[in-house]
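For reference, the structure discussed in these notes is given below.
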Amino acid sequence: MNIQGGQNSTFCSQLFQCHILKDRQVSQNMSFDLAKNSDSTSFTFASISMTQKGHFVVGTSRTAPASIYYEIHGNGPEKVCLIMGLSTSIQGWSNQTEYLASTGKYTVLVFDNRGVGFSDSPWGLYSTSQMADDAIELLDHLGWKESINVVGISMGGMISLELTDRIPERIASLTLTSTTARRNVPTWKLVNALTRIALFTPDPRDKVNIIIDLLYPPEWLASSPTNPKLSKYKTNREYATHSFIKHATKSRLQPLRGNIGQTAACLRHSVSDRRLKSIKERNVPTMVVTGTIDNFINPAHSHHLQEMLDARLEIFEGSGHALPEEQSDRYNALLEEFFDATKKSKL
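See the structure below:
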């Protein structure tokens, strides 16, 4: 099978920040009430579920130390670590953090990877293995030594694979969403769209529309939200655009060095079949999740992961790359069901 992939969709977040947030008047014309961007961590998502936040310096015994910003939500007995993708802050997990913490069953850790959000962005070419080591040091600092449910999306899934390869004995379950084990060449549709954004689309509003069209399938964008809480939005496009902007305004602009470093990590990422087999042999319960209309990571990569890891495969028919946002209710319920099933299987 000819497998083609793409860089993480959340690269679009960086493009959006560079071209939209610096123009407050344009944002106002788009009818969104944008918060003023700031270096302060006060713009991280406000939540009554948050029990702890802070910074921890990782990599002091390695090259390029970095201060990593993290938040903990909820105080349940089961631990969940959510790892986000390229150029996206913890804001991208807001739907999952709110839901999982509200169940009372979970303590949820989210953090900004090096190179984005309120974490440091040291110069250099990052790697997914380096970022996995960052995560392990943060987990050590927090005393999370066992029974961790790890969930990663896109680049976060790549990091999660490296993490599990390093500390399988500490992982209760692994969920890989819209991701790949292999380094990839971007799809033509992605290259074409990003070229249009960078070179041929001067209006920031048009840039956002191109990004939204890449992230989500057209039928979903044209339909009305099914969640009663989103009834104020006439279409999912309106909701997705508002959510996209809201997430971006609650974090810092990503510096160029951070985007370069993280992009290098994606382009150089590779977990061989031999290493995948090793992960499988450690019997870490694994679930692979993909949409069938993913413009960034070809769903064939998910089928490869499922086969190599003997994992559970969940396919979101007709859905795109950003499943935690597009299909948040179904995705949240799926995570909870998988965590419960994994826990019961070990009793």
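My numbering puts the last residue of the sequence shown at 551; the count rises by one with no breaks.
Glycine is no exception: its CB is placed at the ideal position from the N, C-alpha and C atoms.
On a Cα-Cα basis, can you pick out the residue from I352, S298, L457 that is closest to P281? In terms of CA proximity to P281, I352 leads the group I352, S298, L457.
Can you tell me which residues form a DSSP beta bridge with A444? Partner(s): none; A444 has no beta bridge.
Can you tell me the Cα-Cα spacing of L539 and A545, whole angstroms? One C-alpha to the other measures close to 10 Å.
Which residue or residues does DSSP assign as beta-bridge partners of V314? E275, L286.
Which first and last residues belong to the alpha helix (DSSP H) in which T391 is found? T391 -> no alpha helix (DSSP H), and no H or E assigned at all.
Could you tell me which uninterrupted alpha helix (DSSP H) segments, each at least 4 residues in length, are contained entirely in the segment 386–442, listed from first to last along the chain? Scanning the segment 386–442 for uninterrupted alpha helix (DSSP H) segments of 4 residues or longer gives 392–399, 408–419, 422–426, listed from N- to C-terminal end.
Kindly list the residues whose CB is nearer than 7 Å to the CB of E521, restricted to its own chain and excluding five residues on each side of it in sequence; keep chain order. Excluding residues up to 5 positions away in sequence, T496 lie with their Cβ nearer than 7 Å to the Cβ of E521 in the same chain.
Beta carbon of T494 nearer than 8 Å to that of A515: Pairing T494 with A515 gives a Cβ-Cβ distance that is not under 8 Å.
Any idea what DSSP makes of S377, helix, strand or coil? Residue state, collapsed to three classes: strand.
Among residues of its own chain, excluding the 5 on either side of S435, which ones have a beta-carbon nearer than 8 Å to its beta-carbon? The answer, listed in chain order, is P429.
Could you check what DSSP says for A268 in three-state terms: helix, strand or coil? Reduced to three states, the DSSP call for A268 is coil.
When DSSP labels each residue in this structure, what does Q229 get in the three-state scheme? With a pLDDT of 36 at Q229, under the threshold of 50, the predicted position of this residue should be treated as unreliable, though the coordinate-derived value follows. In this structure, Q229 counts as helix in the three-state DSSP scheme.
Assuming H507 is part of the alpha helix (DSSP H), what are its boundary residues? Its alpha helix (DSSP H) spans residues 503–513.
Kindly indicate the opening and closing residues of the alpha helix (DSSP H) around N353. Careful: N353 lies outside any alpha helix (DSSP H), inside the beta strand (DSSP E) at 352–357.
Which of the three DSSP states, helix, strand or coil, is assigned to T467? Helix.
List the whole-angstrom C-beta distance separating C470 from M362, where the pair is believed to meet the contact cut-off of C-beta under 8 Å. That pair is a contact at about 7 Å.
K454 versus Y274: straight-line alpha-carbon distance, rounded: When rounded, the distance between both Cα atoms is 14 Å.
Determine the closest residue to V312 out of M254, P326, L342, with distance taken between C-alpha atoms. Answer by Cα proximity: M254.
Excluding five sequence neighbours on each side, which residues of the same chain lie with their C-beta closer than 7 Å to the C-beta of Q531? Excluding residues up to 5 positions away in sequence, F520, S523 lie with their Cβ nearer than 7 Å to the Cβ of Q531 in the same chain.
Can you tell me where the beta strand (DSSP E) with T255 in it begins and where it stops? From DSSP, the beta strand (DSSP E) with T255 extends over 254–262.
Identity of the residue in A402, L394, Y437 nearest D417 by Cα: When each option's Cα is compared against that of D417, the closest is L394.
Could you tell me the alpha carbon to alpha carbon distance between L551 and V354, rounded to whole angstroms? If you draw a straight line from the Cα of L551 to the Cα of V354, it is about 19 Å long.
So, for Y303: in the same chain, excluding its five sequence neighbours on each side, which residues have a beta-carbon less than 7 Å away from its beta-carbon? Its chain contains N536 as the residues whose beta carbon lies nearer than 7 Å to that of Y303, once the 5 sequence neighbours on both sides are disregarded; these appear in chain order.
With H, G and I counted as helix, E and B as strand and the rest as coil, what does DSSP make of R461? In the structure shown, R461 sits in a helix (DSSP, three-state: H, G or I).
For the beta strand (DSSP E) containing T517, list its first residue and its last residue. According to the sequence provided, residue 517 is Leu. The question's Thr does not apply to it. Boundaries of the beta strand (DSSP E) around L517: 516–520.
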